[in-house]
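Each remark here refers to the structure printed beneath this line.
Number of protein chains: 4
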Amino acid sequence: MNPYARRFVSQGHLVDSGLLTRMLNLIVEEGADYEVLSFRLGKTNRDESHLELEVRSPEESRLADLTARLVALGCYERKPGEGLFRPAPRDGVAPEDFYSTTHHRTEVHVQGRWREVRRQRMDGVVVLEDGEPVCRKLRDLAAGQAVLCGSSSVRLAPPARARDPGLFGFMQSEVSSERSVENAVRRVADELKNIRAAGGRIVVVAGPVVVHTGGAPALAALVRAGFVQGLLAGNALAVHDVECVLYGTSLGVELATGRAVDQGHRNHMRALNRIAALGSLSAAVQQGVLESGIMYELLRSGVPYALAGSIRDDGPLPETINDMIQAQGAYERILAEASLVLMLGSMLHSIAVGNMLPSWVKMVCVDIAPPVITKLADRGSAQTAGIVTDVGFFLRGLAANLMGSV
Amino acid sequence: MNPYARRFVSQGHLVDSGLLTRMLNLIVEEGADYEVLSFRLGKTNRDESHLELEVRSPEESRLADLTARLVALGCYERKPGEGLFRPAPRDGVAPEDFYSTTHHRTEVHVQGRWREVRRQRMDGVVVLEDGEPVCRKLRDLAAGQAVLCGSSSVRLAPPARARDPGLFGFMQSEVSSERSVENAVRRVADELKNIRAAGGRIVVVAGPVVVHTGGAPALAALVRAGFVQGLLAGNALAVHDVECVLYGTSLGVELATGRAVDQGHRNHMRALNRIAALGSLSAAVQQGVLESGIMYELLRSGVPYALAGSIRDDGPLPETINDMIQAQGAYERILAEASLVLMLGSMLHSIAVGNMLPSWVKMVCVDIAPPVITKLADRGSAQTAGIVTDVGFFLRGLAANLMGSV
Amino acid sequence: MNPYARRFVSQGHLVDSGLLTRMLNLIVEEGADYEVLSFRLGKTNRDESHLELEVRSPEESRLADLTARLVALGCYERKPGEGLFRPAPRDGVAPEDFYSTTHHRTEVHVQGRWREVRRQRMDGVVVLEDGEPVCRKLRDLAAGQAVLCGSSSVRLAPPARARDPGLFGFMQSEVSSERSVENAVRRVADELKNIRAAGGRIVVVAGPVVVHTGGAPALAALVRAGFVQGLLAGNALAVHDVECVLYGTSLGVELATGRAVDQGHRNHMRALNRIAALGSLSAAVQQGVLESGIMYELLRSGVPYALAGSIRDDGPLPETINDMIQAQGAYERILAEASLVLMLGSMLHSIAVGNMLPSWVKMVCVDIAPPVITKLADRGSAQTAGIVTDVGFFLRGLAANLMGSV
Amino acid sequence: MNPYARRFVSQGHLVDSGLLTRMLNLIVEEGADYEVLSFRLGKTNRDESHLELEVRSPEESRLADLTARLVALGCYERKPGEGLFRPAPRDGVAPEDFYSTTHHRTEVHVQGRWREVRRQRMDGVVVLEDGEPVCRKLRDLAAGQAVLCGSSSVRLAPPARARDPGLFGFMQSEVSSERSVENAVRRVADELKNIRAAGGRIVVVAGPVVVHTGGAPALAALVRAGFVQGLLAGNALAVHDVECVLYGTSLGVELATGRAVDQGHRNHMRALNRIAALGSLSAAVQQGVLESGIMYELLRSGVPYALAGSIRDDGPLPETINDMIQAQGAYERILAEASLVLMLGSMLHSIAVGNMLPSWVKMVCVDIAPPVITKLADRGSAQTAGIVTDVGFFLRGLAANLMGSV
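Here is the structure:
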């Protein structure tokens, strides 16, 4: 039995990132064998490691599959060939063996050298535009466009473990309701201050639970104080916010007292009708009907936002984007150049955003349900710092840390 | 202090439905007083009860609010006036005091007699079409259309408690993982058989967890055996189903073994690309590419389905409806005349569907997470029978009950 | 078919408590029939209702079972016989048909009149002591003691719905993480203040999550300020509290920073060893080793506490009661005359306490997991106000409401 | 700044176990520095790796703490001194700097050579008995006994990753309800068969949810078929089992129909009274009162079991061990030589057992709630295979796999 073999190289912080462990385990799980040709462990914390490896498998097709997966972990062929680009057979269709992107920093071997892929995102394809590799969505392919195929000329740089003792070094893979979140709140506050001091952009993804749990005034205050450079949400967040401002309720529950004050959704529908009558949220602000709240502060400060529609929407509000292709585009534009994304109580929008982001953008995810955070991490967004707590309490604590009490 | 007062009548199964309890408690919670003018308790289980009540409040506006809420519980003015219809000021905008519908059977006092509202749904408005009251969505209003305002000429018939010892009598408000679900599976099977025997329509709402938990073959078998008259889902269910059929994986996890076999989503994207290349799911079936699975069985049997897009979609598939207004319309058409809706592991689509249904359509909701079921009930869909269990096990058990082992 | 029949009476707030609904539904569910002989609905909110009912069943044994369950809802035989007391056959053993108590206020028809049962608790038996009915545990029965059998001479008074707009009126059956808990915290604070102003006793049941989530200083402050008249916990709470005071960690996680600082449990074991070396917690306080924390404040203020052992204990601490019979006794003594029990993040101890309390003692249960609260209610402790939130945040909020910031 | 330094050695499967990653990250997190003196990566999957490392820290005390934690990961001093044993100052008290055990295989350098510690368990101390190191609980120490102090003469062997493609290789750290559990059931069945074929011992830890979810007949069948060599539970499991056998209910819910058939706990108390009258469970079996169920099968087959009391017990049954010190002893005796422990729906007992076991005993934990499984892993029992599913369905599936349908 003459096994098929390939030689790979990898370098970087292979040990502290856990990548070396995952590479070797993967090879064994897949029924293949390896021989370490050379390995140099970084002498100190600052030094990189360097690996050369031969992988052998009895079947050629399994070796090809394994190669694709090793590449995703940061291995690359010792002697990479020239990137293979083949034409898209139709609009929105890639060749069968197209290379499907991860969210990690990626290089392709083009014209004899490694070139970084621009606009990196998950689940995309790599095309050549003006000779440069760029990430695109499948649906945006034009027939004939040159699409990268196979993974043998690809090199990834999965993120190393955070080297500083801050928020992300500290909380990696913590998903537990049995932790004091006081520190987490403080660390998130510090992170946000540092980002703003450095001119970075903070994008908030928010679900309606922000309003239900009484966190809307704190989030509005964060917007006013300049800690929010973009907001991504659904129609529901905005309707709840407006309902709360106009009638003091959220889904018919009076926020000041917790008392149910109408039969079900009546104030919700009144809020929708009111905005529809005025024409838009911004008209409501201009005409002085909406004088506080999250949406008011966003509009007053000119902070961009995108409200994505969903199958369960009431209304929707005039500003809600009902076409999902357009909504994804609007989300992507607001996410461009984001330094950190703060996700508050919305699994749907958080996963959507996680898929759009390259892996080096930080994410903080706050939810009262541990499975939501586990699921986010599960989907491949390992740089998430997860905090299991009450969203309303979290936001008030964050605002108190950033601006004194609200 | 001269209180304002109104007299209400209510009749029906007021005690066993719990409505009488809720009416009297509501009045007290709202700071009002009541005097029972007369009450006749149904002598036996078959007899209806009859109530006359005077409600007094020190403030006229609070009495109006209270009236709206009592009407939602089935009270109506002893001497109803003629329904007040006023013109919609603009397209998609109702008069400020519009009557916002519940999902319960509703009558309006028009031209001196009670007339039932057609196309009943939640969070709608009532308009007059050809002299008959009909339920419409706010956004579908045309300027000038006659819209019902206030609630003093409205009469609701909230559903009485199920009188038979079947599925819904038995499981009301059960949300617990500490129950044997064997019986529940059997009762659901009996209910489905009875509905089909009577020519009723069963609509399934399904999330991708159906595929992840290995329930797809059982659901496909239910379709083949004629137990599904419509399927409502998102893009993800269909992509997972296709990925599973073509490559044996679901999000890269091999279903036959549980082993992760690719890096993340690669097969997922390949499945999308494959269908895009063929043009559509139905083309994939016609060309023999797709030869089993949920989507295959639906297409083969001509069972209607609707795949709603969402902000987190990959692809999407050509059949996915990306515009949410259109998607809601497609859902509503498939739900028309449904006898029972079986909701499997998708909170988003289940709540969407719950809002579209009148309260007399039965819903069975299966999810491993108790909060999902609680939330569904919370939103006003009290006729839900909730079953907390593993969706895959549930579907296999259901198929075994209905058709022998699958 | 000549059915067996019995006549029952019930009076009180039968409608707003929901009892009438439950009675009539129960009869139907059990396959029996009823005829309302008379019913008088309380004319106003302050008036009681009065019911006379004949229940008929085709089988005598089912009628007996049904009678037992109707009695538990507050029905009683129109012509009650004299309470049937029969001797316990052995120590710790009751006659087969013994009456098993609920936690509701109970009367027994003895010597021609209704007499209230003393020391009411769940799952007990009623014995005659000095001619008076008293509640005892099965295991405490002495051979020959007179034990109440059957339920035909028993009358219960299940609690009416809270008539005031306070904490319990407001929160009934709310189990949701989608609520603002700010109000709930404020209402609990008000309730605690009122109870203390009236000289009532507040007992706290606390799990180790109080320490993990950083709530210990707030709870200690509540003790110091006189808001805690007894504490019920397990060994773990006290060990975590001591570990936190002595080493600043909880299970090896530094509370001030959230950093893991030892390998697993080392500080935990050191804390146990330290107290063992000193002889007891109180010795540690007297010798100035323990100078703050929950246990310190309890010991300094002389507030009684009981630490129950469990199968998973490390140590345990010298004060921990390892015998469960004795531990239950210690719990019961501290619970005597409690006005309100505040349960913080411990399902095990909370359910234990719920079983010991009569139904008129208020319970507030705080946990981040909705199922814990549902389960508590499920076990028959319907007077629970459940708050789904982060326990640490809750305690800090409560302390801030009661005493300004801590 | 002249840093303190120590040199460590480690060898074994350092990379695929992830230990090397954890060592290097730990050093950095603790503010220390390292220099790799030499590292040899195992050339193939079968070869071990070998590391020599110098660790430097500016503070001596922090270096000592760090040493303790590195030792827990499998590092040991390059030139270990002789193990330092000091006398216990009192019964049940260790010297302040006692070495606190992990559950990993441990050696101590005694009289110039490494000797394996016997009776390994978590959170114990190491004493010398007849010159050999043995693990003991703190509370079992006798004054004067020689107790190991410090960690500089200790060497651990944390378990390497499973090298075979079976249950534990496959499921490591999977905690998700979004997986097909069919495979997991099949793999657990295979594992149990293999263990029994090799003469191994399977111990089951079971909570009352086994009975509530209808899994009791399947578990009883597993006992009868010889797949259970010991059962660890609380009083509640046995009472529910007896209630189910004698009256067909579990906490008053009829298992065959799911109908509530008594008011709360009456059958539960009757079951307890019945067994009390007979004297014991075994008397109930001998007298033919108990003729099926889990407890019946255990008693009939002579399989040892231990029922630990708890603060929330009713009864308890005569066989229940009310003293927790004794109950822990009984658990430990049954766990001796266990090959695999199957944990079914009981967090309390599962964590207790996890603390008693050395790390090389396999554990399979089945629960419908993901946090339970996360928590188990969190407590340091990383060899757990966690399966999120309905316990009743799981047991029926397992029995079907092992013995055909039950």
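Protein chains in written order, with my numbering: chain E, 1 to 406; chain W, 407 to 812; chain D, 813 to 1218; chain C, 1219 to 1624.
Just so you know, even glycine gets a beta-carbon here, dropped at the ideal spot from N, CA and C.
Using 8 Å for Cβ pairs, my map puts residue i next to residue j. What's the rounded Cβ distance?
i, j, result
"residue 930 (chain D)", "residue 919 (chain D)", "The Cβ separation is near 11 Å, so there is no contact."
"residue 1023 (chain D)", "residue 1062 (chain D)", "5 Å"
"residue 740 (chain W)", "residue 710 (chain W)", "5 Å"
"residue 1440 (chain C)", "residue 1446 (chain C)", "5 Å"
"residue 310 (chain E)", "residue 754 (chain W)", "7 Å"
What residue range is occupied by the uninterrupted alpha helix (DSSP H) comprising residue i?
i, result
"residue 650 (chain W)", "641-653"
"residue 1278 (chain C)", "1278-1290"
Please state whether DSSP places residue i in a helix, a strand or coil.
i, result
"residue 1414 (chain C)", "helix"
"residue 1116 (chain D)", "coil"
"residue 1143 (chain D)", "helix"
"residue 1130 (chain D)", "coil"
"residue 552 (chain W)", "strand"
"residue 518 (chain W)", "coil"
"residue 945 (chain D)", "strand"
"residue 417 (chain W)", "strand"
"residue 1039 (chain D)", "coil"
"residue 1238 (chain C)", "helix"
"residue 386 (chain E)", "strand"
"residue 911 (chain D)", "coil"
Can a CB atom of chain E be found closer than 8 Å to the CB of residue i?
i, result
"residue 1585 (chain C)", "no"
"residue 1619 (chain C)", "no"
"residue 1205 (chain D)", "yes"
"residue 1251 (chain C)", "yes"
"residue 1067 (chain D)", "yes"
"residue 692 (chain W)", "no"
"residue 600 (chain W)", "no"
"residue 1273 (chain C)", "no"
"residue 1579 (chain C)", "no"
Got a sec, what are the start and stop residues for the beta strand (DSSP E) residue i sits in?
i, result
"residue 1165 (chain D)", "Segment 1159-1168 is the alpha helix (DSSP H) holding residue 1165 (chain D); no beta strand (DSSP E) there."
Would you say residue i reaches chain C, if we count a Cβ-Cβ gap shorter than 8 Å as a contact?
i, result
"residue 579 (chain W)", "In this prediction, residue 579 (chain W) scores a pLDDT of 43, lower than 50, which makes its location untrustworthy; no coordinate-derived value is stated."
"residue 957 (chain D)", "no"
"residue 25 (chain E)", "yes"
"residue 606 (chain W)", "no"
"residue 923 (chain D)", "no"
"residue 655 (chain W)", "no"
Beta-carbon of residue i versus every beta-carbon of chain D: anything under 8 Å?
i, result
"residue 422 (chain W)", "yes"
"residue 182 (chain E)", "yes"
"residue 320 (chain E)", "no"
"residue 279 (chain E)", "no"
"residue 1588 (chain C)", "no"
Closest Cβ-Cβ distance between residue i and chain W: below 8 Å?
i, result
"residue 848 (chain D)", "yes"
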